[in-house]
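Novice:
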Amino acid sequence: MRRALAYRLLRTAAAVYLTLFSRSCSALADPVLDPKGPIALAQRQLLLDAVAIMMIVIVPVFIMAALFSWYYRGTNRNARYTPNLAYYWPAEFLVWGVPAGIIFWLSFHLWDGTHKLDPYKAIDPSVAPLQVEAVAQDWKWLFIYPDQNIAVVNELVFPSGRPLAIRITSDTVMNSFAIPALGGQIYAMAGMQTRLHLLANEPGEFWGRNVQYSGRGFADQQFRAIATATGDEFDAWVMKVRGSLDMLDAGAYERLARPSAKVPVIYYSGVEPNLFDKIIAKWRDGGSARHAPITAEATHTR
Amino acid sequence: MEIFGRLTIEAFPFYSAIAASGAAITVLGALSVIAVITYLRAWRVVLFDWVSSLDHKKIGIMYVMLALVMLMRGFIDAAMMRGQQAIASGNDGYLPADHFDQIFTSHGTIMIFFMAMPFLSGLINHIMPQQIGARDVAFPFMNAISLWLTVAGAGLVLISLVVGKFSTAGWSGYPPYSGIEYNPGVGVDYWLWAVLIAGVGSTMSGINFLVTILKRRAPGMHLLRMPLFTWTVFVTSILMIFAFPALTVACGLLALDRTFGMHFFTNAAGGNMMHYINLFWLWGHPEVYILILPAFGVFSEVVATFSQKRLFGYISLVLATMAIGILSFTVWLHHFFTMGSSADVNSFFGIMTTIIAVPTGVKVFDWLLTMYRGRIIFKPPMLYTIGFLVTFVIGGLSGVLLALPPVDYQMHNTTFLVAHFHNMIIPGVLFGYLAGYMFWFPKAFGFKLNETWGTWSFWCWIVGFYLAFMPLYVLGLMGMPRRMEHYDIAAWQPHLIVAAIGAFIILLGVICLGVQLVVSIRDREQARDMTGDSWNGRSLEWATSSPPAPYNFATLPIVQSVDAFWDMKQRGVAYRRPDRYVDIDLPKNTFLGAFIGGAGFVFGFAMIWYIWWLAILALAAVTLALIIRASDDETEFTLPAREVEHMEDERFAHLSKAPRNELADDPGFAGGSVLEGST
Numbered sequence: 000m001r002r003a004l005a006y007r008l009l010r011t012a013a014a015v016y017l018t019l020f021s022r023s024c025s026a027l028a029d030p031v032l033d034p035k036g037p038i039a040l041a042q043r044q045l046l047l048d049a050v051a052i053m054m055i056v057i058v059p060v061f062i063m064a065a066l067f068s069w070y071y072r073g074t075n076r077n078a079r080y081t082p083n084l085a086y087y088w089p090a091e092f093l094v095w096g097v098p099a100g101i102i103f104w105l106s107f108h109l110w111d112g113t114h115k116l117d118p119y120k121a122i123d124p125s126v127a128p129l130q131v132e133a134v135a136q137d138w139k140w141l142f143i144y145p146d147q148n149i150a151v152v153n154e155l156v157f158p159s160g161r162p163l164a165i166r167i168t169s170d171t172v173m174n175s176f177a178i179p180a181l182g183g184q185i186y187a188m189a190g191m192q193t194r195l196h197l198l199a200n201e202p203g204e205f206w207g208r209n210v211q212y213s214g215r216g217f218a219d220q221q222f223r224a225i226a227t228a229t230g231d232e233f234d235a236w237v238m239k240v241r242g243s244l245d246m247l248d249a250g251a252y253e254r255l256a257r258p259s260a261k262v263p264v265i266y267y268s269g270v271e272p273n274l275f276d277k278i279i280a281k282w283r284d285g286g287s288a289r290h291a292p293i294t295a296e297a298t299h300t301r
Numbered sequence: 000m001e002i003f004g005r006l007t008i009e010a011f012p013f014y015s016a017i018a019a020s021g022a023a024i025t026v027l028g029a030l031s032v033i034a035v036i037t038y039l040r041a042w043r044v045v046l047f048d049w050v051s052s053l054d055h056k057k058i059g060i061m062y063v064m065l066a067l068v069m070l071m072r073g074f075i076d077a078a079m080m081r082g083q084q085a086i087a088s089g090n091d092g093y094l095p096a097d098h099f100d101q102i103f104t105s106h107g108t109i110m111i112f113f114m115a116m117p118f119l120s121g122l123i124n125h126i127m128p129q130q131i132g133a134r135d136v137a138f139p140f141m142n143a144i145s146l147w148l149t150v151a152g153a154g155l156v157l158i159s160l161v162v163g164k165f166s167t168a169g170w171s172g173y174p175p176y177s178g179i180e181y182n183p184g185v186g187v188d189y190w191l192w193a194v195l196i197a198g199v200g201s202t203m204s205g206i207n208f209l210v211t212i213l214k215r216r217a218p219g220m221h222l223l224r225m226p227l228f229t230w231t232v233f234v235t236s237i238l239m240i241f242a243f244p245a246l247t248v249a250c251g252l253l254a255l256d257r258t259f260g261m262h263f264f265t266n267a268a269g270g271n272m273m274h275y276i277n278l279f280w281l282w283g284h285p286e287v288y289i290l291i292l293p294a295f296g297v298f299s300e301v302v303a304t305f306s307q308k309r310l311f312g313y314i315s316l317v318l319a320t321m322a323i324g325i326l327s328f329t330v331w332l333h334h335f336f337t338m339g340s341s342a343d344v345n346s347f348f349g350i351m352t353t354i355i356a357v358p359t360g361v362k363v364f365d366w367l368l369t370m371y372r373g374r375i376i377f378k379p380p381m382l383y384t385i386g387f388l389v390t391f392v393i394g395g396l397s398g399v400l401l402a403l404p405p406v407d408y409q410m411h412n413t414t415f416l417v418a419h420f421h422n423m424i425i426p427g428v429l430f431g432y433l434a435g436y437m438f439w440f441p442k443a444f445g446f447k448l449n450e451t452w453g454t455w456s457f458w459c460w461i462v463g464f465y466l467a468f469m470p471l472y473v474l475g476l477m478g479m480p481r482r483m484e485h486y487d488i489a490a491w492q493p494h495l496i497v498a499a500i501g502a503f504i505i506l507l508g509v510i511c512l513g514v515q516l517v518v519s520i521r522d523r524e525q526a527r528d529m530t531g532d533s534w535n536g537r538s539l540e541w542a543t544s545s546p547p548a549p550y551n552f553a554t555l556p557i558v559q560s561v562d563a564f565w566d567m568k569q570r571g572v573a574y575r576r577p578d579r580y581v582d583i584d585l586p587k588n589t590f591l592g593a594f595i596g597g598a599g600f601v602f603g604f605a606m607i608w609y610i611w612w613l614a615i616l617a618l619a620a621v622t623l624a625l626i627i628r629a630s631d632d633e634t635e636f637t638l639p640a641r642e643v644e645h646m647e648d649e650r651f652a653h654l655s656k657a658p659r660n661e662l663a664d665d666p667g668f669a670g671g672s673v674l675e676g677s678t
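Same order as they appear, the protein sequences are chains A and B. Residue 297 in numbering that gives the first Met the number 0 sits at position 298 of the first sequence; the count goes up by one each step and never skips. Residue 52 in numbering that gives the first Met the number 0 sits at position 53 of the second sequence; the count goes up by one each step and never skips.
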């Protein structure tokens with residue numbers, strides 16, 4: 000009930016503002032309030048729940064501030080004036096108790112939501128997710144599909160309805176990988192890998208990008224994320240990539256990794272074996288790639 | 000090796016018209032200050048009464064002057080960013096990426112380190128000793144060093160406009176981007192040394208304030224009789240002492256990485272950037288409470304004074320302040336929920352963060368309950384306070400949202416985050432400091448600030464704030480990342496245009512503040528505060544004259560109640576003359592504080608440009624100055640009782656012919672003792 004009200008209020012306020020100032024309200028423009036996947040949807044729901052519950056303290060503040068400022072103005076000689084009123088235990092009880100109660104309630108939702116929406120957690124353990132390895136470079140994204148043995152720059156294609164398991168690293172400064180319409184972000188750091196699990200409920204084209212400032216080409220470090228309608232459509236796309244004449248061997252990778260901005264989509268029909276692990280290993284053990292310990296999960300311990 | 004290190008003629012910004020004009024404005028600004036002082040023949044006063052002063056009140060005023068100058072500079076940066084983003088939809092705008100990146104870095108660095116921190120130190124310096132009935136801070140010389148090291152840091156940021164470039168790494172300077180490998184220029188070094196040098200000053204300020212509160216309270220001023228502002232300073236000082244070393248270590252290690260090729264935070268050779276992020280926020284989160292707690296203190300004083308009523312829930316407010324102080328050290332990880340920590344870790348820090356909302360909520364309600372059954376007089380400080388109450392809870396709401404890790408995964412690094420912390424820092428911190436500035440200005444200078452212009456400044460600031468930052472919340476929900484120099488999602492642009500209009504209205508607010516100061520100085524004779532008690536005040540700073548005598552209190556006050564001065568007025572003893580006066584020892588003026596600040600500046604500059612001989616020379620100069628000071632056995636002079644009596648005679652002469660307090664003519668005045676017992 001409260002949730003619905005707060006949601007409606009927020010939607011109305013946003014809608015009024017958006018009709019005044021925006022040309023469109025598509026997923027492209029409004030990914031958080033109009034999510035396209037279960038993760039982003041659950042994140043939005045948590046946000047709206049929290050807004051609703053906090054209205055219990057926010058609204059009284061607005062009312063009290065307005066009412067007291069007006070009624071207890073100095074010139075209103077009819078208002079009661081108690082210059083020494085400095086303590087009243089029921090009031091003290093309420094001002095501590097009500098916020099504490101709300102935070103208590105919220106803590107459970109926080110704990111629950113954080114565990115359910117852990118970016119490291121597989122979305123549906125019964126379905127084999129599509130494996131993708133994402134590498135942040137200055138200023139572009141390289142996506143390696145290990146099972147398909149293909150790689151793509153600045154385009155991420157996957158079938159809708161099938162979970163996406165992404166391993167992420169950086170071959171440069173710290174980046175943060177995000178596709179807002181589908182879910183949250185996670186940092187990309189050199190010598191380490193982080194993980195993100197996403198799912199698109201419906202086909203569509205979304206934008207994804209680095210959202211952690213990374214230098215000159217940061218503003219253009221974005222990619223298209225395309226959820227195909229069917230698995231066949233995805234397979235067709237894979238065949239198209241396999242038709243490319245470019246191969247991502249060690250030399251090609253090195254050339255690609257050099258700083259460059261506004262890079263168009265590039266397809267690679269083959270990939271150097273274990274390239275992702277080698278990129279991580281490059282930064283470890285004094286920079287030598289003697290071996291690739293993939294224990295390098297960034298800080299994630301249980 | 001080059002004698003000037005890596006400093007060459009190419010360091011001067013002749014490569015770009017915008018950069019060159021920034022440099023020209025900086026140089027012209029400095030030259031015009033020199034010209035004005037020369038024209039007024041004020042060099043003697045500036046040097047011997049101010050630069051060399053160890054008087055906590057003058058040091059406080061100089062801190063606030065620095066803060067106001069840096070507020071202008073930081074605001075210009077903000078306006079340039081808003082201008083760029085308003086037009087850069089599908090095109091490059093008027094600023095190249097490199098320049099835009101320097102601007103957002105300097106905006107954040109200046110506003111936190113060189114606007115908010117000096118403003119805070121200035122208000123504390125001027126007011127806190129008077130509130131506890133002290134004659135000075137515990138360590139007056141260290142106080143001067145703190146001031147001049149802060150000035151040195153600010154000077155380094157300013158001179159980076161003229162010589163070389165500033166950092167592009169953002170105000171938090173995350174490695175490895177801020178490492179030498181990705182940023183070989185001098186920019187990050189400017190940022191590092193400015194922050195390091197000013198940070199040392201802040202640590203010393205914290206020690207100074209804490210010892211002052213613990214050791215210099217007047218007789219009867221028990222801890223639980225201290226005014227709320229002093230209480231917040233007490234907690235803030237503790238936070239400064241424990242938090243700033245983390246910043247110094249983080250920046251120090253980064254400086255070792257950059258200057259001496261070490262590998263604490265590099266990608267390769269065993270470095271780990273996560274350690275920097277951890278250390279930085281171990282300082283960074285307490286820092287926001289360092290900034291905001293004294294502002295809470297100001298609001299507490301203002302709301303009681305202008306509601307003409309005792310502060311509601313004094314003990315609650317003290318407990319809430321201490322709770323915030325302790326909790327502030329348990330939440331820093333929420334700045335990097337997205338770094339891959341497990342759900343357990345993220346949940347813990349998320350819950351700790353939301354818990355801070357409880358004592359903060361208590362404070363908001365206690366202030367509102369102070370207004371309840373009061374007689375509210377809407378002077379500009381009170382307007383800022385009410386504006387704060389309403390606006391701040393919106394920032395608190397968005398803060399709790401960001402404390403939920405799953406929401407943070409979405410909103411982190413977007414303009415939603417930018418809107419959130421500006422929503423805390425502008426209404427919370429800046430409104431508090433501006434309220435304090437207008438509240439205590441008559442105490443510092445003996446005349447009130449113009450209220451009409453003060454009121455206008457408030458309305459411009461608050462309307463401008465909503466227009467500038469509410470669209471950023473919306474943009475955050477639309478996924479717009481922060482620090483975008485240009486973008487190609489056209490739907491973002493209308494919101495950014497609204498935000499730019501908001502920035503323009505804030506500019507009007509800034510102008511109003513300037514006009515207010517000029518008009519008030521011009522009309523100062525009509526706005527004289529002869530009583531020392533400008534607002535029918537409640538705490539001891541209103542017991543001194545305006546401006547206070549060098550010794551603040553001729554005889555130390557005896558405190559019997561929470562609202563010490565109010566209580567004295569009630570009992571008719573507020574203006575009682577002592578039987579006799581005694582000699583008072585006060586610190587002698589010295590140039591050594593400013594000298595150490597100057598040497599600190601030179602040291603920073605030398606480290607930035609790799610001019611090693613100069614760095615060694617500057618360090619030697621600092622050491623020498625400290626040895627000279629330590630060997631000086633006569634750092635104080637005695638103001639003879641005779642002279643004290645003469646000054647007090649003059650004060651009482653003023654008091655006896657003082658016009659009725661202007662507040663008593665206010666239609667909202669509730670009665671009470673403005674000048675009762677003045678004999």
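All C-beta atoms in this analysis are idealised placements derived from N, C-alpha and C, irrespective of residue type, glycine included.
Chain A partners of B/Phe364, CB-CB under 7 Å?
Specialist: The residue labelled residue 364 of chain B in the question sits at position 365 within the second sequence. Neighbours of B/Phe364 on chain A, chain order: Val94.
Novice: Going straight from the alpha carbon of B/Arg576 to that of B/Glu647, what length do you get?
Specialist: Taking the second sequence and counting its residues from 1, one reaches residue 576 of chain B at position 577. Taking the second sequence and counting its residues from 1, one reaches residue 647 of chain B at position 648. Between B/Arg576 and B/Glu647, the C-alpha separation is close to 9 Å.
Novice: What does A/Tyr86 touch in chain B if you count any residue whose Cβ is under 7 Å from its own?
Specialist: Taking the first residue of the first sequence as 1, we reach residue 86 of chain A at position 87. Chain B residues near A/Tyr86: Gly312.
Novice: Within the 8 Å Cβ cut-off, does B/Gly4 reach chain A?
Specialist: Residue numbering aside, residue 4 of chain B sits at position 5 when the second sequence is read from its first letter. Taking Cβ atoms only, chain A never reaches closer than 8 Å to B/Gly4, which makes this a no.
Novice: Since B/Ala315 meets chain A, which of its residues come closer than 9 Å, beta carbon to beta carbon?
Specialist: What you label residue 315 of chain B is simply residue 316 of the second sequence in a count that begins at 1. The question names Ala, but residue 315 of chain B in the sequence shown is Ser. Under the 9 Å cutoff, chain A gives Tyr86, Glu91, Val94, Trp95.
Novice: Assuming B/Ala553 contacts B/Tyr580 (C-beta within less than 8 Å), just tell me the rounded distance between them.
Specialist: To locate residue 553 of chain B, count along the second sequence from 1; it is residue 554. To locate residue 580 of chain B, count along the second sequence from 1; it is residue 581. Confirmed, about 6 Å.
Novice: I'd like to check one pair, A/Ala85 with B/Tyr313: are the Cβ atoms closer than 8 Å?
Specialist: Within the second sequence, residue 313 of chain B is the residue found at index 314, counting from 1. Within the first sequence, residue 85 of chain A is the residue found at index 86, counting from 1. Contact: yes.
Novice: Along chain A, which residues have their Cβ under 8 Å away from the Cβ of B/Arg482?
Specialist: If you number the second sequence from 1, residue 482 of chain B lands on position 483. Ordered by position in chain A, the residues that pass the 8 Å Cβ test against B/Arg482 are Tyr212, Phe217.
Novice: B/Lys362 to B/Ser315, Cα distance in whole Å?
Specialist: In the second sequence, residue 362 of chain B corresponds to position 363, counting from 1. In the second sequence, residue 315 of chain B corresponds to position 316, counting from 1. Straight-line Cα distance between these residues: approximately 8 Å.
Novice: Label A/Asp137 either buried or exposed according to how many other C-beta atoms from any shown protein chain fall within 10 Å of its C-beta, with 16 as the threshold for buried.
Specialist: Taking the first residue of the first sequence as position 1, residue 137 of chain A is located at position 138. That one is buried.
Novice: If we ignore side chains and look at the alpha-carbon of each, how far apart do B/Phe13 and B/Ala22 end up?
Specialist: Position 14 of the second sequence holds residue 13 of chain B. Position 23 of the second sequence holds residue 22 of chain B. Straight-line Cα distance between these residues: approximately 10 Å.
Novice: Would you verify that the beta carbon of A/Trp282 is, or is not, closer than 8 Å to some beta carbon of chain B?
Specialist: Here residue 282 of chain A is taken as the residue at index 283 of the first sequence, counted from 1. Answer yes: the Cβ-Cβ gap between A/Trp282 and chain B drops below 8 Å somewhere.
Novice: Using beta-carbon positions only, say whether B/Met477 and A/Asp219 come within less than 8 Å of one another.
Specialist: One-based indexing of the second sequence puts residue 477 of chain B at position 478. One-based indexing of the first sequence puts residue 219 of chain A at position 220. Contact: no.
Novice: So, for B/Asn551: in the same chain, excluding its five sequence neighbours on each side, which residues have a beta-carbon less than 6 Å away from its beta-carbon?
Specialist: Here residue 551 of chain B refers to the residue found at position 552 when the second sequence is read from its first residue. Excluding residues within five positions, the ones whose Cβ falls inside 6 Å are Gln129, Arg134, Thr543.
Novice: Helix, strand or coil: how does DSSP classify A/Glu204 here?
Specialist: The count along the first sequence starts at 1 and reaches residue 204 of chain A at position 205. Of the three classes helix, strand and coil, the one that applies to A/Glu204 here is strand, per DSSP.
Novice: What does the alpha-carbon distance come out to for the pair A/Phe67 and B/Ile375?
Specialist: Position 68 of the first sequence, counted from the start, is the residue given in the question as residue 67 of chain A. Position 376 of the second sequence, counted from the start, is the residue given in the question as residue 375 of chain B. Between A/Phe67 and B/Ile375, the C-alpha separation is close to 9 Å.
Novice: In whole angstroms, give me the CA-to-CA distance for B/Ser31 and B/Ile158.
Specialist: Taking the first residue of the second sequence as position 1, residue 31 of chain B is located at position 32. Taking the first residue of the second sequence as position 1, residue 158 of chain B is located at position 159. Cα to Cα, the separation comes out at about 16 Å.
Novice: Using 8 Å as the limit for Cβ to Cβ distance, is B/Arg224 near chain A?
Specialist: The count along the second sequence starts at 1 and reaches residue 224 of chain B at position 225. For B/Arg224, the answer is no, since every Cβ of chain A falls outside 8 Å of its Cβ.
Novice: Taking 8 Å as the threshold (beta carbon to beta carbon), is B/Pro379 in contact with chain A?
Specialist: Position 380 of the second sequence, counted from the first residue, corresponds to residue 379 of chain B. Chain A, which has no Cβ nearer than 8 Å to the Cβ of B/Pro379, makes this no.
Novice: Run through chain A and tell me which residues come within less than 7 Å of B/Asp97, C-beta to C-beta.
Specialist: By 1-based counting over the second sequence, the position of residue 97 of chain B is 98. By Cβ distance, chain A contributes Arg215.
Novice: What runs of the alpha helix (DSSP H), each 4 residues or longer, lie entirely inside the stretch 416-468 of chain B?
Specialist: For the stretch 416-468 of chain B, whole alpha helix (DSSP H) runs of length 4 or above, ordered along the chain, are 430-444.
Novice: Quick one, which of B/Leu222, B/Leu281, B/Val643 has its alpha-carbon nearest B/Gln559's?
Specialist: Locating residue 559 of chain B in the second sequence gives position 560, where the first residue counts as 1. Here the closest residue by C-alpha is B/Leu222.
Novice: Report the three-state DSSP secondary structure of A/Leu47 (helix, strand or coil).
Specialist: Taking the first residue of the first sequence as 1, we reach residue 47 of chain A at position 48. In this structure, A/Leu47 counts as helix in the three-state DSSP scheme.
Novice: Just reading off the beta strand (DSSP E) that B/Pro244 is part of, what are its end residues?
Specialist: Numbered from 1 along the second sequence, position 245 holds the residue referred to as residue 244 of chain B. Per DSSP, B/Pro244 belongs to no beta strand (DSSP E); it is in the alpha helix (DSSP H), 227-259.
Novice: What are the residues in the stretch 376-404 of chain B lying within 7 Å of chain A by C-beta distance?
Specialist: Listed by position along the chain: Ile376, Ile385, Leu388, Val389, Val392, Leu396, Val399, Leu400, Leu403, Pro404.
Novice: By alpha-carbon positions, which one of B/Val643, B/Asn277, B/Val399 ends up nearest to A/Pro98?
Specialist: The count along the first sequence starts at 1 and reaches residue 98 of chain A at position 99. Nearest option by C-alpha distance: B/Val399.
Novice: Determine whether the Cβ of A/Pro98 lies closer than 8 Å to any Cβ atom of chain B.
Specialist: For this step, residue 98 of chain A is matched to residue 99 along the first sequence. Yes, A/Pro98 counts as interfacial toward chain B.
Novice: Applying a beta-carbon distance threshold of less than 8 Å, which residues of chain A neighbour B/Asp665?
Specialist: Here residue 665 of chain B corresponds to residue number 666 of the second sequence, with the count starting at 1. What B/Asp665 touches in chain A: Gly73.
Novice: Between A/Asn83 and chain B, is any beta-carbon pair separated by less than 8 Å?
Specialist: Taking the first residue of the first sequence as position 1, residue 83 of chain A is located at position 84. At least one chain B Cβ lies under 8 Å of A/Asn83.
Novice: Thinking B/Phe208 and B/Ser166 are a contact (beta carbons under 8 Å), I'd like their distance in whole angstroms, please.
Specialist: Here the question's residue 208 of chain B lines up with position 209 in the second sequence. Here the question's residue 166 of chain B lines up with position 167 in the second sequence. Not a contact, Cβ separation roughly 30 Å.
Novice: Could you list the residues in the stretch 332-349 of chain B with a C-beta less than 8 Å from some C-beta on chain A, going in chain order?
Specialist: Answer in chain order: Phe335, Thr337, Met338, Gly339, Ser340, Ser341, Ala342, Asp343, Asn345, Ser346, Gly349.
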